[in-house]
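> The following block contains the structure, expressed as C-alpha cells.
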Amino acid sequence: MDRALERSYWQADKRDELVELTAGDILRQAALRHPDRVALIEVVPANTESLTGALGTNRRWSYAQLLDESLQCAKWLLNQFQVGDRICVFAPNVPEWVVLQYGAALAGLVLVTANPALRAPELAYVLSQSKVAGILYVRSFRGADMHAIVREAATASVKAFCMDSWDGVVRGFDGDASLPVVSPDDPAQIQYTSGTTGHPKGALLHHKGLVNNARFVAARAGIDGSIVLSPMPLFHTAGAVLSSLGCMATGSTFVLPLMFEPTLMMTTIQDEKCAFFFGVPTMQIAMLEHPMRKEFELSSLKVAISGGAPVPPELLRRIEEGFGCDLLTVYGQTETSPIISQTSRGDTFDDKARTAGRPLPQVDVRIADPATGQPVAVDEEGEIEARGYQTMLGYFDMPEATRHAIRAEGWLRTGDLGRMDHRGYLRLTGRLKDMIIRGGENIYPVEIEARLMQHPSVANVAVFGRDDPEWGEVVCAAVQMREGSATASIEALKAHCRSHLSPHKIPVEWFECSSFPLTGSGKIQKFRLKEMARSGVLSPLDIR
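Heads up: the sequence shown begins at 9 in the numbering used here, then just goes up one per residue.
As C-alpha cells, this is what we get:
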C-alpha cells in the first residue's frame, strides 16, 4: 500500500481479510483439502530413542492422519478435563506436542506452554499462576529428570500424565465425548513471556489472533504448500504459531527437529529439500560457522526467516551469501500473537538490513511518545505500539500488568523503541529497559552491536550498561569471537567503533563470551549478562 506518512502512525491495511477460524478449524480444512499430503515430519539425531515411548523415530503424518490423531487426543482430553480447563505441556519438540496442540484446540481447552528447561521452582510458578488442571510431560530430556521436576512442582490437584505412554493411552482413544463448539474469540494458549528482564507473565492468546497472524506471516514469506524446517521451540509462539499453525494454514509440511544442532539442520535441509527455515540469529550464526557447511547441498533453501533479535547488515549479508537464500526478519512479541511487522522478499537489501519491514495486514502501528502516548513525527524515536485483532486478551490473572500494557484505546505498549519512516517501515532502536543513560546521554545498544558485528573477528555481541558512580552507567560489550579467526584486541575493536560512533557510545568494559545466556526463544538475556559481569563470571577480553 503506497502512502506517504507525516506522523508515525500506520493505519491497518485491511485488503487482506481476517478469517473467523480456530486452530482446530485450520487443521480440519487442511485435512479436507490435502488428506494425503505430508503434514508433519519428525527429525531426531541418530541413535536417539523416542521420548514418548513410540516404537520408532523420524515418523511422518499425512494431514488425514494428523487430524485423526488430534481428534483422538481431543476426546481423551475431554475424558480427563472440562471444556475451558487449562492444561500444561512440559516437553521439547516432539510430534505429540503438535497433536496435543490441535487436540486441545478441538476440545476447547487452553494450552499452557512451558519451557522444558524449567527447574521445579520455575515450573511450580507456571502451574500455580496459570491455575492448570493438568500437565503432560516427557520423563527426561537432555539429562534433566523431568518426572522428578513435575512431581516436585505440581500440587495434588494437578493431574499429571507422562507422555511415554502416549501410544497406549492417547493414540487410538475412542471415547464418547462430544466435541464442543469453539469460538475464534476463545482463549487458545497461555504463552509465558521470554524473561529477558526477569519474572515471566502469561499472555492469554485467542484462536483468531494466532490463526490470522500465522496466515499473514506465511503469506508475506511466500510459504504455500512448502517444506518448512523449524527448530524453534514449540513452547514459544515462533514454534506453535508461526511454524505449526503457519504450515497447517498453507497446506505445507512442518519438519520438526527434536532440537537445534547445526549438522542436523543442514542434513535435514539437504535430505528433505526444505525451502524455508525458521531460526533466531544465534542459530544462523552457528550454521554459518560450522566447518563442514560447504559440504552440504542446501540449494533447496529459498528463504530463512529470523526473529528474536535484530539482524545486523553484515550478518544478513553473510547469511544470504552463505546459504544462497533470502533472509526475512519478523518483529513482534508474545503479546501480539506474535508478529507486528515483517520484511518481504521484494524489499531492498537496505530495507531488509536496517528495518523490521512494514506492519502486517489488519494491524495499526504507531510510534508514540512514551509519556503522552501521542504519535511522534516521521523518523522520530518513540515506543512502538500496536492495535488490532492480534492483541492478547491480557496477562492471565494479572489485571494491573494488563492495564499497564494495553492503553484504554486498545494500544499495546511493546516496550520497544523505534522509528517509522514515511513509507511505514519500522526501524528498531532498542528496548526502553535496555537503554543506557551515560552522563545524561541516551545510548541504544542495537546501534553499537550493529557496528561491532561488522568486524571480521566478531561472531556475536551483546552490549549492556553497568552502574557507575560517576557517569550513572557505562557501556559494556560481551563479544563472541568467530572460530578460526584471530582474537581482536580491545583497541582494535574500539578503533572499529570509533570510525562510526560518537566517543560516549564506545564500550569501556569488554568481556569474552563463548556462549550467551538465552531465553527459550533465543533472545540474549542481558540482565543475566549484567549479573555475570558483576559477579566476575564473565572473563575480560584478552587485551593483546
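From the three backbone atoms N, C-alpha and C, an ideal C-beta is built for every residue, glycine too.
(1) Could you tell me the alpha carbon to alpha carbon distance between Thr-276 and Val-545, rounded to whole angstroms?
(2) Tell me where the alpha helix (DSSP H) around Lys-216 begins and ends.
(3) Between Val-146 and Thr-60, is the Cβ-Cβ spacing less than 8 angstroms?
(4) Measuring CB to CB, does Asn-220 end up less than 8 angstroms from Gln-370?
(5) Let me know the secondary structure DSSP gives Phe-286 once reduced to three states.
(6) Across which residues does DSSP place Gly-426 in a beta bridge pair?
(7) From the DSSP output, in three-state form, read off Asn-450 for me.
(8) Beta carbon of Val-471, beta carbon of Pro-453: below 8 angstroms?
(9) Given 8 angstroms as the limit, is there contact between the stretch 474 to 490 and the stretch 510 to 524, that is, 3 or more CB pairs closer than that?
(10) Going by DSSP in three states, Ile-293 sits in which element: helix, strand or coil?
(11) Whole angstroms is fine: what's the gap from Trp-553's alpha carbon to Pro-43's?
(12) Quick one: grab the DSSP three-state call for Ser-18.
(13) Taking the runs of the alpha helix (DSSP H) that are 4 residues or longer, which of them lie wholly in the stretch 448 to 483?
(14) Using three-state DSSP, classify Thr-204 as helix, strand or coil.
(15) State the CB to CB distance for the pair Ile-444 and Cys-505, rounded to an integer number of angstroms; the pair is presumed to be in contact (CB under 8 angstroms).
(16) Measuring alpha carbon to alpha carbon, tell me which of Gly-332, Pro-320, Glu-328, Glu-297 ends up nearest Ser-308.
(17) Which residue or residues does DSSP assign as beta-bridge partners of Glu-28?
(18) Between which residues of its own chain and Glu-539 is the CB-CB distance below 7 angstroms, once the five residues before and five after are set aside?
(19) Cα separation between Ala-503 and Asp-334?
(20) Could you check the C-alpha separation between Glu-305 and Val-166 for me, to the nearest Å?
(21) Can you tell me whether DSSP reads Phe-169 as helix, strand or coil?
(22) I want to know whether the stretch 66 to 80 touches the stretch 10 to 20 - three or more CB-CB distances under 8 angstroms.
(23) Classify Tyr-403 as helix, strand or coil using the three-state DSSP reduction.
(24) Starting from Ile-327, follow its DSSP beta bridges and name the residues at the other end.
(25) With DSSP run on the structure shown, which of helix, strand or coil describes Phe-357?
(26) Taking its Cβ as the centre, do 16 or more other Cβ atoms sit within 10 Å of Gly-354, making it buried, or is it exposed?
(27) Of all the options Leu-212, Met-295, Pro-208, Ala-246, which has the alpha carbon lying nearest to the alpha carbon of Arg-223?
(28) Between Val-120 and Pro-208, what straight-line distance do the alpha-carbon atoms span, to the nearest angstrom?
(29) At what residues does the alpha helix (DSSP H) containing Ser-136 begin and finish?
(30) Which first and last residues belong to the beta strand (DSSP E) in which Cys-505 is found?
(31) From which residue to which residue does the beta strand (DSSP E) around Ala-47 run?
(32) Just checking, does the stretch 336 to 350 make contact with the stretch 358 to 369 on the three C-beta pairs under 8 angstroms criterion?
(33) Just to confirm before moving on: does the CB-CB distance between Leu-425 and Arg-439 stay below 8 angstroms?
(34) Here's the rule I'm using: 16 or more other beta-carbon atoms within 10 Å means buried, otherwise exposed. How should Glu-595 be labelled?
(35) How far does the beta strand (DSSP E) with Asp-372 in it reach, from first residue to last?
(36) Could you tell me the distance, in whole angstroms, from the CA atom of Asp-193 to the CA atom of Phe-262?
Short version:
(1) Taking the sequence shown and counting its residues from 1, the one referred to as residue 276 is at position 268. Taking the sequence shown and counting its residues from 1, the one referred to as residue 545 is at position 537. Near 36 angstroms, if we compare the C-alpha coordinates of Val-545 and Thr-276.
(2) Along the sequence shown, read from residue 1 onward, the residue named residue 216 stands at position 208. 215 to 229 is the extent of the alpha helix (DSSP H) around Lys-216.
(3) Residue mapping note: residue 146 aligns to position 138 of the sequence shown, counting from 1. Residue mapping note: residue 60 aligns to position 52 of the sequence shown, counting from 1. Yes. Within cutoff.
(4) As a working note, residue 220 is residue 212 in the sequence shown. As a working note, residue 370 is residue 362 in the sequence shown. Cβ atoms of Asn-220 and Gln-370: closer than 8 angstroms.
(5) As a position in the sequence shown, residue 286 is number 278, starting the count at 1. Note: Phe-286 maps to strand in three-state DSSP.
(6) Walking along the sequence shown from the start, residue 426 turns up at place 418. Gly-390, Leu-436, per the DSSP bridge assignment.
(7) Here residue 450 refers to the residue found at position 442 of the sequence shown. Strand.
(8) Counting from one through the sequence shown, the residue named residue 471 turns up at place 463. Counting from one through the sequence shown, the residue named residue 453 turns up at place 445. Cβ distance < 8 angstroms, so Val-471 and Pro-453 count as in contact.
(9) yes
(10) To locate residue 293, count along the sequence shown from 1; it is residue 285. It is helical.
(11) The structure shown does not extend to residue 553, since the chain spans only 9 to 552, so no value can be given for it.
(12) Position 10 of the sequence shown, counted from the start, is the residue given in the question as residue 18. For clarity, residue 18 is Trp in the given sequence; the question names Ser instead. Three-state result, Trp-18: strand.
(13) 453 to 460
(14) Position 196 of the sequence shown holds residue 204. Confidence at Thr-204 is low in this model, with a pLDDT of 48, below 50, so the placement of that residue should be treated as unreliable; the coordinate-derived value is given next. Residue state, collapsed to three classes: coil.
(15) If you number the sequence shown from 1, residue 444 lands on position 436. If you number the sequence shown from 1, residue 505 lands on position 497. Contact doesn't hold; Cβ gap of about 14 angstroms is too wide.
(16) Numbered from 1 along the sequence shown, position 300 holds the residue referred to as residue 308. Ser-308 has its Cα closest to that of Gly-332, out of Gly-332, Pro-320, Glu-328, Glu-297.
(17) The sequence position of residue 28 within the sequence shown is 20, counting from 1. None, per the DSSP bridge assignment.
(18) Position 531 of the sequence shown, counting from 1, holds the residue named residue 539. There are no such residues.
(19) Taking the sequence shown and counting its residues from 1, one reaches residue 503 at position 495. Taking the sequence shown and counting its residues from 1, one reaches residue 334 at position 326. Distance between the alpha carbons of Ala-503 and Asp-334: 32 angstroms.
(20) Mapped onto the sequence shown, residue 305 falls at position 297. Mapped onto the sequence shown, residue 166 falls at position 158. One C-alpha to the other measures close to 48 angstroms.
(21) Stepping through the sequence shown from its first residue, residue 169 is reached at position 161. It is a strand residue.
(22) These segments do not touch.
(23) As a working note, residue 403 is residue 395 in the sequence shown. The three-state secondary structure of Tyr-403, taken from DSSP, is strand.
(24) Here residue 327 corresponds to residue number 319 of the sequence shown, with the count starting at 1. Beta-bridge pairing links Ile-327 to no other residue.
(25) Taking the sequence shown and counting its residues from 1, one reaches residue 357 at position 349. If DSSP states are grouped into helix, strand and coil, Phe-357 belongs with the helices.
(26) Start at 1 with the first residue of the sequence shown, and residue 354 comes out as number 346. The residue is exposed, with fewer than 16 neighbouring Cβ atoms inside 10 Å.
(27) The residue given as residue 223 occupies position 215 in the sequence shown. Taking only the C-alpha atoms, the option nearest Arg-223 is Ala-246.
(28) Translated into the one-based positions of the sequence shown, residue 120 becomes position 112. Translated into the one-based positions of the sequence shown, residue 208 becomes position 200. Cα to Cα, the separation comes out at about 13 angstroms.
(29) Taking the first residue of the sequence shown as 1, we reach residue 136 at position 128. Run containing Ser-136: 128 to 138, per the alpha helix (DSSP H) assignment.
(30) On the sequence shown, position 497 is the one that residue 505 refers to. Counting along the chain, Cys-505 falls outside any beta strand (DSSP E), though it belongs to the alpha helix (DSSP H) covering 498 to 506.
(31) Within the sequence shown, numbered from 1, the residue matching residue 47 stands at position 39. Run containing Ala-47: 46 to 51, per the beta strand (DSSP E) assignment.
(32) The stretch 336 to 350 is in contact with the stretch 358 to 369.
(33) Translated into positions along the sequence shown, residue 425 becomes position 417. Translated into positions along the sequence shown, residue 439 becomes position 431. Yes. Within cutoff.
(34) Nothing about residue 595 can be read from this structure; the chain reaches only from 9 to 552.
(35) Here residue 372 corresponds to residue number 364 of the sequence shown, with the count starting at 1. Asp-372 -> beta strand (DSSP E) spans 371 to 376.
(36) The count along the sequence shown starts at 1 and reaches residue 193 at position 185. The count along the sequence shown starts at 1 and reaches residue 262 at position 254. Distance between the alpha carbons of Asp-193 and Phe-262 is about 26 angstroms.
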